[in-house]
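Written below as structure tokens is the structure these notes are about.
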Amino acid sequence: MGSGRSARLAARGNPGPLARRLASLLLRGLVSERRQRRRRALHRLWRAARGAPRRIFYFHRSDDPYSHLAAQALAELAERYAVRIEPHLVAPTNEVDAPEPELLAAHARRDAAAVAPHYGLAFADPGRAPASENTRTAERILTRAIETGRFAALAPTVGEALWRGAAAGLAGLAARYGQADESARRRALAAGSGLRAKLRHYSGAMFHYGGEWYWGVDRLHHLERRLRGEGAAQGGDGGIRFARPAIPGAQGGAESAGAAGVSLEFFPSLRSPYTAIAYEATLALARETGARLQLRPVMPMVMRGVPASLAKGFYIFQDAKREADYYGVPFGKVFDPIGRPVERGFALFPWARSRGRGAEWLGAFLQAAFARGINTGSDAGLAEVAAHAGLEWRGFAAARDAAQPEDWRAELEQNRRALYGELGLWGVPSYRICGPAGESDFATWGQDRLWLVAAELRRRMALSS
Numbered sequence: 121m122g123s124g125r126s127a128r129l130a131a132r133g134n135p136g137p138l139a140r141r142l143a144s145l146l147l148r149g150l151v152s153e154r155r156q157r158r159r160r161a162l163h164r165l166w167r168a169a170r171g172a173p174r175r176i177f178y179f180h181r182s183d184d185p186y187s188h189l190a191a192q193a194l195a196e197l198a199e200r201y202a203v204r205i206e207p208h209l210v211a212p213t214n215e216v217d218a219p220e221p222e223l224l225a226a227h228a229r230r231d232a233a234a235v236a237p238h239y240g241l242a243f244a245d246p247g248r249a250p251a252s253e254n255t256r257t258a259e260r261i262l263t264r265a266i267e268t269g270r271f272a273a274l275a276p277t278v279g280e281a282l283w284r285g286a287a288a289g290l291a292g293l294a295a296r297y298g299q300a301d302e303s304a305r306r307r308a309l310a311a312g313s314g315l316r317a318k319l320r321h322y323s324g325a326m327f328h329y330g331g332e333w334y335w336g337v338d339r340l341h342h343l344e345r346r347l348r349g350e351g352a353a354q355g356g357d358g359g360i361r362f363a364r365p366a367i368p369g370a371q372g373g374a375e376s377a378g379a380a381g382v383s384l385e386f387f388p389s390l391r392s393p394y395t396a397i398a399y400e401a402t403l404a405l406a407r408e409t410g411a412r413l414q415l416r417p418v419m420p421m422v423m424r425g426v427p428a429s430l431a432k433g434f435y436i437f438q439d440a441k442r443e444a445d446y447y448g449v450p451f452g453k454v455f456d457p458i459g460r461p462v463e464r465g466f467a468l469f470p471w472a473r474s475r476g477r478g479a480e481w482l483g484a485f486l487q488a489a490f491a492r493g494i495n496t497g498s499d500a501g502l503a504e505v506a507a508h509a510g511l512e513w514r515g516f517a518a519a520r521d522a523a524q525p526e527d528w529r530a531e532l533e534q535n536r537r538a539l540y541g542e543l544g545l546w547g548v549p550s551y552r553i554c555g556p557a558g559e560s561d562f563a564t565w566g567q568d569r570l571w572l573v574a575a576e577l578r579r580r581m582a583l584s585s
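Counting in my numbering, the sequence shown runs from 121 upward without gaps.
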């Protein structure tokens, strides 16, 4: 990383007081419910005035497991709702918005295979990425399918052959349905990627409708609720087809998992909106199941040199607000803690933990930063965090000096290394379940995977019962 780029990342990772306040106001406006209602109303008026159909842009990346799952949903969406789905092919995400491409590729395969059955979809992890020549063949077939209006029908079959590594199967599909030439493939990728950038996104498996983005099958329930609210459901009321799986409750009592030797490692961060959403629910899950909870906090990605574009940052906060509303978690009154406030928060974690309130401290800090609009960079703000966490406060310096002589930076770095080296992950919130004896570790990433964590805890408890 060049020195100029490093300096820019460092500046963004620790803004001054004025820049922090202005950024926080911008983020509050970005997730404003009034803003969302106004945007949606204007979209409806615009569409009605022109007599235009409801049009959903879908952006497909052929060698992306999440795109393969999303492609399997297209036909059902078109059948259930009065919409026109317009597919586009896109190129891989740039290195700024996908800073760990190899880790992401491996995780996406594992993750897609884990969640697919819960949505009635199919994906088998082959343990490797598709061969580049097979990917190009798939893209040529799909380019032609877009031209002939057959994308929704053909994309799942093409994706299955691609992920099976079936070059002969792809050749057969090309012979049967046709394929575009290489120049047309390149034009299609450039056009789709260009439209995606114009609409301010960066990823594959994305749906865009009326100014809002929806990622893969995991966010289709949000899109379905919006469409149903607009009266777009058709062909009978079948409910939400791609509803997120419920979080299963504990079985066998709160002592079962702990007694069975099952532990839950939780990797949170203090500047992660998704962590803020999932934090209390994660602690509750550990209590309800009896799993031994181990908090393993890590430094925010931007503060450890992982770049992120403004488009990605804006999408994350808007998506987090939508997810928080779904879970009924307060979110949106933001006072961005990036930089020095996060460091001060983590510096006091050993102090809070030594008093048996480490989990409460992190939770109170996240609520202050993302739901209560408290400036956690000030002593007064930290005093409110301490009070909310049930801690006696005598000032930052006194609390820091009263803690055990722990090197909190070394602890966070150790957790980061475990996240990368042992779990093959890099973002938060992440989870690892260990035990019982004979079971390999289970790891996943994302607040939208808490249902999967709960299901795995439940399965492991059943093994030992």
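Positions of the beta carbon are idealized from the N, C-alpha and C atoms, including for glycine.
Residues that DSSP places opposite residue i in a beta bridge
i: methionine 326; result: Phe179 and Trp335
i: tyrosine 297; result: Answer is none; tyrosine 297 lacks a bridge partner.
i: isoleucine 494; result: According to DSSP, which records beta bridges pairwise, isoleucine 494 is partnered with nothing at all.
i: isoleucine 553; result: Leu384 and Phe562
i: arginine 200; result: Answer by DSSP bridge pairing: none, since arginine 200 is not bridged.
i: alanine 353; result: Tyr201
Proximity to residue i [Cα-Cα], best of the options
i: glutamate 280; options: Arg158, Arg270, Leu293 and Phe434; result: Leu293
i: isoleucine 360; options: Gly459, Tyr239, Tyr322 and Asp301; result: Tyr239
i: glycine 343; options: Ala244, Arg200 and Val505; result: As written in the sequence, residue 343 is leucine, which differs from the glycine given in the question. When each option's Cα is compared against that of leucine 343, the closest is Arg200.
i: isoleucine 589; options: Arg346, Ala538, Arg174 and Asp301; result: The displayed coordinates of the chain run from 121 to 585. Any statement about residue 589 would go beyond what the structure contains.
i: glutamate 480; options: Gly510, Ala191 and Val422; result: Gly510
i: glycine 465; options: Leu194, Gly515 and Gly433; result: Gly515
i: alanine 287; options: Ala308, Ile266, Arg256 and Thr402; result: Arg256
i: alanine 401; options: Tyr447, Phe177, Arg160 and Asp527; result: Tyr447
i: valine 216; options: Ala431, Ala272, Arg580 and Leu486; result: Ala431
i: proline 393; options: Ala444, Ala139, Glu259 and Ala172; result: Ala444
i: alanine 363; options: Pro237, Cys554 and Ala272; result: Pro237
i: glycine 269; options: His208, Gly312, Ser303 and Leu415; result: His208
Cβ neighbours of residue i in the same chain (closer than 7 Å, five flanking residues each side left out)
i: alanine 127; result: Unreliable positioning characterises alanine 127 in this predicted model, as indicated by a pLDDT of 36, which lies under 50. The coordinate reading is nonetheless provided below. Excluding residues within five positions, none has a Cβ falling inside 7 Å.
i: alanine 366; result: Trp571
i: valine 418; result: Phe387, Ser389, Leu532, Asn535, Arg536, Leu539 and Val548
CA-to-CA distance, residue j to residue i, given in whole angstroms
i: tyrosine 540; j: valine 462; result: 21 Å
i: alanine 575; j: glycine 501; result: 37 Å
i: proline 250; j: arginine 305; result: 17 Å
i: alanine 398; j: leucine 405; result: 10 Å
i: arginine 407; j: alanine 530; result: 28 Å
i: glycine 349; j: arginine 158; result: 15 Å
i: leucine 162; j: phenylalanine 179; result: 24 Å
i: glycine 372; j: aspartate 568; result: Bear in mind that the predicted position of glycine 372 carries a pLDDT of just 48, short of 50, making it unreliable; the figure below should be weighed with that in mind. Approximately 25 Å, taken between the alpha carbons.
i: arginine 229; j: glycine 497; result: 39 Å
i: alanine 325; j: leucine 290; result: 21 Å
i: aspartate 439; j: aspartate 499; result: 31 Å
i: glycine 483; j: serine 144; result: 20 Å
i: glutamate 504; j: alanine 519; result: 14 Å
i: glutamate 586; j: valine 203; result: The requested residue 586 is not part of the displayed model; the chain covers only 121 to 585.
i: aspartate 231; j: alanine 517; result: 43 Å
i: phenylalanine 434; j: arginine 307; result: 28 Å
i: glycine 566; j: tyrosine 334; result: 16 Å
i: leucine 224; j: phenylalanine 327; result: 20 Å
i: proline 368; j: alanine 411; result: 14 Å
i: alanine 273; j: arginine 264; result: 12 Å
Span of the beta strand (DSSP E) around residue i
i: proline 238; result: In the sequence on display, residue 238 carries histidine and not proline. Where histidine 238 is concerned, there is no enclosing beta strand (DSSP E), given that its DSSP letter is neither H nor E.
i: isoleucine 261; result: Where isoleucine 261 is concerned, there is no enclosing beta strand (DSSP E), although the alpha helix (DSSP H) it sits in stretches over 252-268.
i: threonine 564; result: 562-565
i: histidine 208; result: 204-209
i: arginine 76; result: This structure does not reach residue 76, given that the chain is present from 121 up to 585, and the question cannot be answered.
i: leucine 309; result: Careful: leucine 309 lies outside any beta strand (DSSP E), inside the alpha helix (DSSP H) at 302-318.
i: arginine 412; result: 412-415
Opening and closing residue of the alpha helix (DSSP H) in which residue i lies
i: phenylalanine 84; result: For the chain, the structure presents residues 121 to 585; residue 84 sits outside this window and is missing.
i: threonine 395; result: 393-409
i: arginine 460; result: 460-467
i: serine 144; result: 137-150
i: serine 187; result: 185-191
i: leucine 343; result: 340-349
i: glutamine 534; result: 528-541
i: arginine 520; result: 516-522
i: phenylalanine 271; result: 271-284
i: valine 505; result: 499-508
Cβ-based neighbour list, residue i, same chain, cut-off 6 Å, excluding 5 preceding and 5 following
i: threonine 395; result: Pro388, Ser389, Val548 and Pro549
i: isoleucine 261; result: Val278, Leu293, Ala294 and Gln299
i: leucine 241; result: Leu189 and Gln192
i: glycine 452; result: Val151 and Lys441
i: valine 454; result: Ser144, Leu147, Arg148 and Phe490
Spatial neighbours of residue i in its chain, beta-carbon cut-off 8 Å, leaving aside the 5 residues before and after
i: alanine 233; result: Pro185, Phe243, Ala244 and Asp245
i: arginine 391; result: Pro420, Val422, Met423, Asp456, Pro457, Ile458, Val462 and Ala489
i: aspartate 301; result: Arg260
i: proline 556; result: Ala380, Gly381, Val382, Arg580, Leu583 and Ser584
Residue i Cβ short of 6 Å to the ligand SAH heavy atom set
i: arginine 346; result: Absence of the ligand SAH from the depicted structure is noted, as is the absence of any ligand whatsoever, leaving it without description.
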